[in-house]
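Taking it in order: structure first as structure tokens, then the write-up.
Protein chains in written order, with my numbering: chain A, 1 to 395; chain B, 396 to 557.
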């Protein structure tokens, strides 16, 4: 009896709960909202506060994680920034070197081989299709890197200066001493130094003296920095001195190089590398090679408006053409340029230099020898190009 | 039920209520554990079906007051689930963990089905997705957490000898 009563009571309670729930469900929104709001402000308020604080905690945790991730990203970027800066500086120096060389070179990526026996060779990403030939000099903004040994159509292999076969005829920057520079085959870490052999006893090189290529031998043009004298080496030679050199180019820093065409090597590289002060060679190279800064300065500098008649000096060829048998005369282009007579005096006013002397100074005699010697033909007297001082006075 | 047992079950219910409004927002899972269902089932198997229905109704109203729509849907669903759980307590009274987990799983799933059917806030494919995918997942997670909670609250939930 008691269980039946309690069972009926349970059913009644369930029915009441269900009925109340359905009534609550079907109530209009305007009635339900105040009821829910009243509950939220009273009974449910502590629970809502708990939920709100938990949400705040979760957002704070997420914000912390996000901040930490951002901080890690910034740290990572800061770690890679110096490397990028170095690479950027090197590429800018390469641009500067290309600007100074002007013609006759091929830029190439240098990939060092890590296999045993090939530590001192480098694979270059330019080959015979780009004009690379065996024995082409490989240079960097800091100086001499090596020489091309083998050439394929799309790539080539070069030896760098630590290679045992590397030799270059060298001289001091002031031309007081000559010798042969080769790799110093000592133990580590001296292995990555050079030595200059065969320096006559009568000449002494002081530490810090810049050594450059002498141009003898026909492979390397004169004036490429090779290294700086560190000290004299004690050898068994009696009639000659040997000096230890600190190389101008570190192989670890070489990632991009310039390969000089044979014509360019033959024409010389005077003025491409600054040879005045060996201690400031690197800094000077950086300064001079900063092509971006140079271009910016050129852009910012106001250029005076020149009359069209004063553009005579721009007739010069942008790049000297390879020596040809029939056009080997250096003044051919100047003579053929359509210079008007009335513009010539203006040019003389701005540049009081004799034309024949200026031409002679621009090309070194020992490097600019044409392939085929040509006897210059006497210029035909043309009334519009005859210099005034050579015109005979009229009777 | 003795007074001490009532106090114990009230403490356990309160703890689970607090967990529902603190741990659940912290986890913020798509299928979060429903500590209200665990608390309701714990109470339901210890009281008469009518009392369980009332507790379910009140708990449902509390849950509904926080949600935007469907005031009364949770109350209806929890009343029915609590009454059914209390009525079936003889079946699930055994101290068998897998059976208790299945009990919680069924309770949570049935609650979701009734809640969404009563509130009508979902429809079509969305309702099917909710009832056939997310609700079972939430029920499974709730069952897992229910087992953990039961293991932790076992000293409190032990009934005193008659």
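Cβ atoms here follow ideal geometry from the backbone N, Cα and C, with glycine treated the same way.
Interface partners of residue i on chain A, CB under 9 Å
i                      : result
residue 467 of chain B : 20, 21, 22, 23, 24, 25, 26, 27, 32
residue 508 of chain B : Neighbours of residue 508 of chain B on chain A: none; closest Cβ ~15 Å, over 9 Å.
residue 408 of chain B : The contacting residues do not exist; residue 408 of chain B stays about 13 Å from chain A at best.
residue 427 of chain B : Chain A residues near residue 427 of chain B: none, gap ~12 Å exceeds 9 Å.
Residue i and residue j closer than 8 Å at C-beta
i                      : j                      : result
residue 474 of chain B : residue 440 of chain B : no
residue 243 of chain A : residue 233 of chain A : yes
residue 10 of chain A  : residue 425 of chain B : no
residue 125 of chain A : residue 155 of chain A : yes
residue 210 of chain A : residue 247 of chain A : no
residue 50 of chain A  : residue 476 of chain B : no
residue 466 of chain B : residue 40 of chain A  : no
residue 371 of chain B : residue 539 of chain B : Absent from the model: residue 371 of chain B. The displayed extent of chain B is 396 to 557, so no value can be given.
residue 245 of chain A : residue 195 of chain A : yes
residue 178 of chain A : residue 213 of chain A : no
residue 457 of chain B : residue 23 of chain A  : no
residue 191 of chain A : residue 180 of chain A : no
residue 110 of chain A : residue 257 of chain A : yes
residue 427 of chain B : residue 468 of chain B : no
residue 429 of chain B : residue 537 of chain B : yes
Three-state secondary structure (DSSP) of residue i
i                      : result
residue 515 of chain B : coil
residue 371 of chain A : Residue placement at residue 371 of chain A is poorly supported in this model, since its pLDDT is 40, which falls under 50; the coordinates still yield a value, given next. In the structure shown, residue 371 of chain A sits in coil (DSSP, three-state: anything other than H, G, I, E or B).
residue 87 of chain A  : helix
residue 387 of chain A : Only weak support exists for where residue 387 of chain A lies, its pLDDT of 44 falling under 50; the value from the coordinates is given anyway. Looking at residue 387 of chain A - three-state DSSP - the assignment turns out to be coil, as it is neither helix nor strand.
residue 217 of chain A : coil
residue 340 of chain A : At residue 340 of chain A, the pLDDT of 44 sits below 50, so the modelled position is not reliable; the number obtained from the coordinates is stated separately. Residue 340 of chain A: coil per DSSP, three-state reduction.
residue 497 of chain B : helix
residue 225 of chain A : strand
residue 258 of chain A : strand
residue 268 of chain A : coil
residue 183 of chain A : strand
residue 75 of chain A  : helix
residue 477 of chain B : helix
residue 194 of chain A : strand
residue 397 of chain B : coil
residue 13 of chain A  : helix
residue 444 of chain B : helix
residue 143 of chain A : strand
residue 246 of chain A : strand
residue 491 of chain B : coil
residue 154 of chain A : coil
Classification of residue i by the beta-carbon crowding that lies within 10 angstroms, buried from 16 upward
i                      : result
residue 326 of chain A : Any answer about residue 326 of chain A is weak, because its pLDDT of 41 lies below 50 and its placement is not dependable; what the coordinates show is given next. Residue 326 of chain A is exposed by the Cβ-count criterion.
residue 17 of chain A  : buried
residue 83 of chain A  : exposed
residue 189 of chain A : exposed
residue 509 of chain B : buried
residue 551 of chain B : exposed
residue 435 of chain B : buried
residue 446 of chain B : buried
residue 97 of chain A  : buried
residue 402 of chain A : Since the first residue of chain A shown is 1 and the last is 395, residue 402 of chain A is not available in this structure.
residue 88 of chain A  : exposed
residue 62 of chain A  : exposed
residue 397 of chain B : exposed
residue 187 of chain A : exposed
residue 29 of chain A  : exposed
Chain A contact residues for residue i, given Cβ-Cβ distances below 7 Å
i                      : result
residue 449 of chain B : 13, 17
residue 478 of chain B : 14
residue 417 of chain B : 50, 54
residue 443 of chain B : 6, 10
residue 513 of chain B : 25
residue 452 of chain B : 17, 20, 21
residue 460 of chain B : 36, 39, 40, 44
Neighbouring residues, chain B, relative to residue i (Cβ below 8 Å)
i                     : result
residue 55 of chain A : 420
residue 58 of chain A : 420, 421, 423
residue 64 of chain A : Within 8 Å Cβ-Cβ: nothing; residue 64 of chain A doesn't reach chain B, min ~14 Å.
Residue i Cβ short of 7 Å to the ligand ATP heavy atom set
i                     : result
residue 41 of chain A : Absence of the ligand ATP from the depicted structure is noted, as is the absence of any ligand whatsoever, leaving it without description.
Residue i: contacting residues in chain A (beta-carbon distance under 8 Å)
i                      : result
residue 540 of chain B : Result: empty, since nearest Cβ-Cβ is about 16 Å, beyond 8 Å.
residue 470 of chain B : 17, 20, 21, 24
residue 530 of chain B : Within chain A, no residue comes near residue 530 of chain B; the closest Cβ sits about 20 Å away, beyond 8 Å.
7 Å Cβ cut-off: residues of chain B touching residue i
i                      : result
residue 122 of chain A : Correct list: empty, because the minimum Cβ distance to chain B is about 56 Å.
residue 91 of chain A  : Here the premise fails: no neighbours, minimum Cβ distance about 48 Å.
residue 84 of chain A  : Within chain B, no residue comes near residue 84 of chain A; the closest Cβ sits about 39 Å away, beyond 7 Å.
Kindly confirm or deny that the region 193 to 209 of chain A and the region 259 to 272 of chain A touch, where touching means at least three C-beta pairs closer than 8 Å. no
With a threshold of 8 Å, are at least 3 pairs of Cβ atoms found where one atom belongs to the region 449 to 456 of chain B and the other to the region 13 to 21 of chain A? yes
Assess, as a yes-or-no matter, whether the region 410 to 422 of chain B is touched by the region 41 to 57 of chain A under the definition of 3 or more beta carbon pairs within less than 8 Å. yes
Quick check: the region 489 to 499 of chain B against the region 68 to 75 of chain A, are there 3 or more CB pairs under 8 Å? no
Stretch pair the region 127 to 138 of chain A + the region 148 to 162 of chain A: three plus CB contacts closer than 8 Å: yes
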